[in-house]
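**Q** Numbering (my numbering), first residue to last: 4 to 166.
For every residue, glycine included, the Cβ atom is placed at its ideal position computed from N, Cα and C.
Can you keep this structure in mind? I'll have questions shortly.
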Amino acid sequence: MEPQRTDEPTWASLSTREKVSAALGMTGLGIGILAALAMMMLAGVLAVAFLSSNLIEADGTSSLVWAVLLCLPCGLLATVFTTPVRLALGLAGISGKSKRCADMAVSATTTFLGALLVESFTPGLHVDHPWLPALLATLLVALVNLVINYVERRKGNGNGDTR
C-alpha cells in the first residue's frame with residue numbers, strides 16, 4: 004500500500020502575503036550565497052597576497068576588492084580561451100584516467116590564466132613576477148578541490164553510500 008501523497012501548493016494558489024514571503028526568502032538566500040562566495044574569493048585573494056607579499060604591491064585595500072570583483076570576468080575570459088582545448092580533448096576519444104587527468108590539466112590552466120588576467124587588469128596592483136602568484140593561486144584552488152573531494156568521499160562512506 005502506497006503512502007498517501009499530500010499535494011504541494013502551487014504558486015498560483017498562494018496568497019499575496021505568502022508570495023511576498025517566499026520571494027523575500029529566496030532573495031535572502033541568493034544574497035547569502037553571493038556573500039559567501041565573495042568571502043571565499045576575498046579569502047583566496049588575501050591568502051595569495053599574504054603568501055606572495057614580497058612580489059605583490061597594492062596601492063591600498065581597494066586593489067584587493069577590485070581583484071575579487073575581477074575574478075569572475077577574468078575567469079570567464081580564461082574559460083573562453085581554454086574551451087577549444089577542452090572540446091578537442093572531448094572529441095579526441097580518450098577515456099578513463101587519461102581523460103580525467105587531461106581535464107584536470109585544462110582546469111588548472113584555466114585557473115592559472117584567470118589569475119594572470121586578474122593580476123594584469125586590477126588597478127593599483129603591481130606584481131614583479133606575475134606567474135608566481137598565479138601558480139600559487141592555482142595550487143590553492145587545487146588544494147581546496149582535493150579537500151572538498153575528500154570530505155565528500157568521507158561523507159558518502161559514512162552514509163553507507165558506495166562511490
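Is the beta carbon of residue 121 sitting closer than 8 Å to the one on residue 45?
**A** For this step, residue 121 is matched to residue 118 along the sequence shown. For this step, residue 45 is matched to residue 42 along the sequence shown. Taking 8 Å as the Cβ cut-off, residue 121 and residue 45 do not qualify as a contacting pair.
**Q** Run through DSSP, which three-state label would residue 139 get?
**A** Along the sequence shown, read from residue 1 onward, the residue named residue 139 stands at position 136. Helix.
**Q** In terms of alpha-carbon separation, which member of 104, 81 and 149 lies closest to residue 119?
**A** Locating residue 119 in the sequence shown gives position 116, where the first residue counts as 1. The shortest Cα separation from residue 119 among 104, 81 and 149 belongs to 81.
**Q** Would residue 139 and residue 75 be called neighbours here (beta carbons separated by less than 8 Å)?
**A** Residue 139 sits at position 136 when you count from the first residue of the sequence shown. Residue 75 sits at position 72 when you count from the first residue of the sequence shown. No; because the gap between Cβ atoms is not below 8 Å, this pair is not in contact.
**Q** Are residue 59 and residue 136 closer than 8 Å when you measure CB to CB?
**A** Translated into the one-based positions of the sequence shown, residue 59 becomes position 56. Translated into the one-based positions of the sequence shown, residue 136 becomes position 133. Against a cut-off of 8 Å, the Cβ pair of residue 136 and residue 59 comes out as a contact.
**Q** Starting from residue 61 and walking both ways along the beta strand (DSSP E), at which residues does that stretch end?
**A** As a first step, residue 61 is located in the sequence shown; it is residue number 58 there, counting from the start. Start and end: 59-61.
**Q** Among 102, 134, 71 and 93, which has the Cα closest to the Cα of residue 39?
**A** Here residue 39 refers to the residue found at position 36 when the sequence shown is read from its first residue. Comparing Cα-Cα distances from residue 39 to each of 102, 134, 71 and 93, the minimum goes to 71.
**Q** Excluding the 5 residues preceding and the 5 following residue 17 in the sequence, name in chain order all residues of the same chain whose CB lies nearer than 8 Å to its CB.
**A** Position 14 of the sequence shown, counting from 1, holds the residue named residue 17. So the qualifying residues of the chain are 25.
**Q** DSSP three-state call for residue 17: helix, strand or coil?
**A** Residue numbering aside, residue 17 sits at position 14 when the sequence shown is read from its first letter. The answer is coil: DSSP assigns residue 17 none of H, G, I, E or B.
**Q** What is the residue span of the alpha helix (DSSP H) that residue 123 lies within?
**A** For the purposes of this step, residue 123 is taken as the residue at position 120 of the sequence shown. Looking at the DSSP string, the run of the alpha helix (DSSP H) that includes residue 123 is 100-124.
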